[in-house]
Amino acid sequence: MSDSLSELWLRGIAFNAAAPADVLIRLVDEAAGEAGLLMCEGRDLPDAVIDAALRHPVERIRRALARNLHVDPARLAPLASDPSGLVRAYLAGGTRLQPRWVRPLPDDILVTFLTAQEGGEDGRVTEKDIAGELWSSRQVPPSFPRDMAGHDHPALRLYAAFQWQSLTAAQRNALLDDPDPVVRKAARESSWVLDPEAVEAKLPSIGSRNTWFVLGTCALSPAVVEQCFADDEVHPLARNRHTPADALARLARHPDAEIRRLVATRPDLGPEAAELRQDPDENVQMRARLQPSIRTWAEFQAVQKVVDHGPDCTCPITQPATEPSPNWYATCAASEEPVLRRVAASWPGLSAELVETLAQDDDEEVLIRAVLIASHAERQRLLRS
32 MSDSLSELWL
42 RGIAFNAAAP
52 ADVLIRLVDE
62 AAGEAGLLMC
72 EGRDLPDAVI
82 DAALRHPVER
92 IRRALARNLH
102 VDPARLAPLA
112 SDPSGLVRAY
122 LAGGTRLQPR
132 WVRPLPDDIL
142 VTFLTAQEGG
152 EDGRVTEKDI
162 AGELWSSRQV
172 PPSFPRDMAG
182 HDHPALRLYA
192 AFQWQSLTAA
202 QRNALLDDPD
212 PVVRKAARES
222 SWVLDPEAVE
232 AKLPSIGSRN
242 TWFVLGTCAL
252 SPAVVEQCFA
262 DDEVHPLARN
272 RHTPADALAR
282 LARHPDAEIR
292 RLVATRPDLG
302 PEAAELRQDP
312 DENVQMRARL
322 QPSIRTWAEF
332 QAVQKVVDHG
342 PDCTCPITQP
352 ATEPSPNWYA
362 TCAASEEPVL
372 RRVAASWPGL
382 SAELVETLAQ
392 DDDEEVLIRA
402 VLIASHAERQ
412 RLLRS
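Taking my numbering, the leading residue of the sequence shown gets 32, the next gets one more, and so forth.
Structure, rendered in structure tokens:
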């Protein structure tokens, strides 16, 4: 058999779901060529094969496993403290495929990375390099700062202090009184984002590059809000969760339909929502019809992922800090609004019964989304039907 045919044959075995574990373990060897590397990175693996790859003396094998998107990430925890800094960096950087849904790493792996004192025995990268890979990979879930605010390790409380708006009021107060002076200082320096007067005082020194971010995320004083309207820079206000009710009412009547679209589904929108359901812009109307079903910011985010990102969108989607309740998704699945049924059909936690119902939906996008979240076996059955 020629070398090229042999390589193709080995690759076929490597990706054969019925291949026994002992055969796959033999492929985790440099003598098998690229087949073992491709297998370690590109498919789900039996536990015995994962164990063999984790212990493998060849770094390339462990690097390939570190990028595997199909294996339970908890099984990859030993790679976070691998002797090779490059293996650690590959795990922190995530898969090179840039999937639509970004899988978060478990807390124990994140803690290992963020409390590391060195970047591996080989000295090829530093712990800061690895942390940089981690931040850019989007594998840190938004809930992580809140989970770390009371951690024993000061480095993790320090990280939480810099994510001020992700924390509860009790957590913020605790960090302001933290026993570690570095954490206390970081907490004081971060607290300005929720202090309208402090935001107003800081704005002139922030610079135009970061102004929109501040206006779109921080608590704003009445003077700053009025200046935004005077300068017709209201787009950030429409996205800002701290925008006061009177300003929100003005935004709901803004002449720019894009601004009205941005506020139409907000859970804090008042009686203006009824007005927007009669809006001349059909997109505004549609969004305003959804608004009575949206009572929390978690529900708002779930809807935004659908209405702001069409089926052809390839933007990465990360795990939300908080998830709407299963009952809310079930209610969406039974809604007369196709958009809400699309939201339900996008949630992997939906019951098999509801998935099957939505897979027969008259709305093509609902149907497609439902088939995509079905289990493999159920997906095959639905496609055949």
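Think of the CB as a built atom: it goes at the ideal place given N, C-alpha and C, for glycine as much as any other residue.
(1) Can you tell me whether W166 is helix, strand or coil according to DSSP?
(2) Just tell me which of A120, F193 and V374 has its CA closest to the CA of S221.
(3) What residues are listed by DSSP as bridge partners for I348?
(4) Which of the three DSSP states, helix, strand or coil, is assigned to F175?
(5) Give every residue of the same chain whose Cβ lies closer than 8 Å to the Cβ of L207, excluding the five residues on either side of it in the sequence, and list them in chain order.
(6) Just the C-alpha distance for C249 and L165, rounded to the nearest angstrom, thanks.
(7) In three-state terms, what does DSSP make of I325?
(8) Taking Cβ to Cβ, would you say Q316 is nearer than 8 Å to R326?
(9) Let's test the definition: count the other Cβ atoms within 10 Å of the Cβ of H87 and tell me whether it reaches 16, buried, or not, exposed.
(10) With DSSP run on the structure shown, which of helix, strand or coil describes Q335?
(11) Within its chain, find whatever has a CB closer than 7 Å to the CB of A123; leave out the 5 residues flanking it on each side and keep chain order.
(12) Identify the continuous alpha helix (DSSP H) that holds H266 and give its terminal residues.
(13) Can you give me the C-alpha to C-alpha distance between A276 and G301, rounded to a whole angstrom?
(14) Please classify N241 as buried or exposed, where buried requires at least 16 other C-beta atoms within 10 Å of its C-beta.
(15) Flag this pair as yes or no: are the beta carbons of A97 and V80 separated by less than 8 Å?
(16) When DSSP labels each residue in this structure, what does A7 get in the three-state scheme?
(17) If you compare alpha carbons, which of Y190, H184 and R177 is closest to A200?
(18) Can you tell me whether E330 is buried or exposed, with buried defined as 16 or more other CB within 10 angstroms of its CB?
(19) Output yes or no for whether 8 Å exceeds the beta carbon distance between L251 and V224.
(20) What's the gap between the Cα of D139 and the Cα of T274?
(21) Secondary structure at T157, three-state DSSP: helix, strand or coil?
(22) Taking the alpha helix (DSSP H) that T248 falls in, what are its first and last residues?
(23) According to DSSP, simplified to helix, strand and coil, what is N358?
(24) Do T296 and R318 have their C-beta atoms within less than 8 Å of each other?
(25) So is G380 buried or exposed if we call it buried at 16+ other beta carbons inside 10 Å?
Once the coordinates are examined:
(1) Working through the sequence shown from its first residue, we reach residue 166 at position 135. Helix at W166.
(2) Within the sequence shown, numbered from 1, the residue matching residue 221 stands at position 190. For S221, the nearest C-alpha among the options comes from F193.
(3) For this step, residue 348 is matched to residue 317 along the sequence shown. Its beta-bridge partners are W132.
(4) If you number the sequence shown from 1, residue 175 lands on position 144. Residue state, collapsed to three classes: helix.
(5) Locating residue 207 in the sequence shown gives position 176, counting from the first residue. Answer for L207: R215, A218, R219 and S222, listed in chain order.
(6) Taking the first residue of the sequence shown as 1, we reach residue 249 at position 218. Taking the first residue of the sequence shown as 1, we reach residue 165 at position 134. Using only the alpha carbons, I get a separation of about 25 Å.
(7) One-based indexing of the sequence shown puts residue 325 at position 294. Three-state DSSP puts I325 in coil, outside helix and strand.
(8) On the sequence shown, residue 316 is found 285 positions in, with the first residue counted as 1. On the sequence shown, residue 326 is found 295 positions in, with the first residue counted as 1. In this structure, R326 does not lie closer than 8 Å to Q316 by Cβ.
(9) Position 56 of the sequence shown, counting from 1, holds the residue named residue 87. It is buried - the Cβ of H87 has at least 16 other Cβ atoms within 10 Å.
(10) Counting from 1 along the sequence shown, the entry for residue 335 is found at position 304. Reduced to three states, the DSSP call for Q335 is helix.
(11) Working through the sequence shown from its first residue, we reach residue 123 at position 92. Correct list, in chain order: F144, I161, E164, L165 and S168.
(12) For this step, residue 266 is matched to residue 235 along the sequence shown. Residues H266 to R270.
(13) Within the sequence shown, numbered from 1, the residue matching residue 276 stands at position 245. Within the sequence shown, numbered from 1, the residue matching residue 301 stands at position 270. Their backbone Cα atoms lie some 8 Å apart in a straight line.
(14) Within the sequence shown, the letter at position 210 stands for residue 241. Classification for N241: exposed.
(15) Counting from 1 along the sequence shown, the entry for residue 97 is found at position 66. Counting from 1 along the sequence shown, the entry for residue 80 is found at position 49. Cβ atoms of A97 and V80: not closer than 8 Å.
(16) With the chain represented from 32 up to 416, any question about residue 7 goes unanswered, as that position is not in the structure.
(17) Reading the sequence shown from its first residue, position 169 is the one you call residue 200. Among Y190, H184 and R177, the Cα nearest to that of A200 is on R177.
(18) Position 299 of the sequence shown, counting from 1, holds the residue named residue 330. With 16 or more Cβ atoms within 10 Å of its Cβ, E330 is classed as buried.
(19) Counted from its first residue, the sequence shown places residue 251 at position 220. Counted from its first residue, the sequence shown places residue 224 at position 193. It is not a contact, given that the beta carbons lie outside the stated cut-off.
(20) The sequence position of residue 139 within the sequence shown is 108, counting from 1. The sequence position of residue 274 within the sequence shown is 243, counting from 1. Straight-line Cα distance between these residues: approximately 36 Å.
(21) To locate residue 157, count along the sequence shown from 1; it is residue 126. Of the three classes helix, strand and coil, the one that applies to T157 here is coil, per DSSP.
(22) Position 217 of the sequence shown holds residue 248. Element bounds for T248: S239 to T248.
(23) As a working note, residue 358 is residue 327 in the sequence shown. If DSSP states are grouped into helix, strand and coil, N358 belongs with the helices.
(24) Taking the sequence shown and counting its residues from 1, one reaches residue 296 at position 265. Taking the sequence shown and counting its residues from 1, one reaches residue 318 at position 287. Result yes, Cβ atoms of T296 and R318 sit closer than 8 Å.
(25) Working through the sequence shown from its first residue, we reach residue 380 at position 349. G380 should be labelled exposed.
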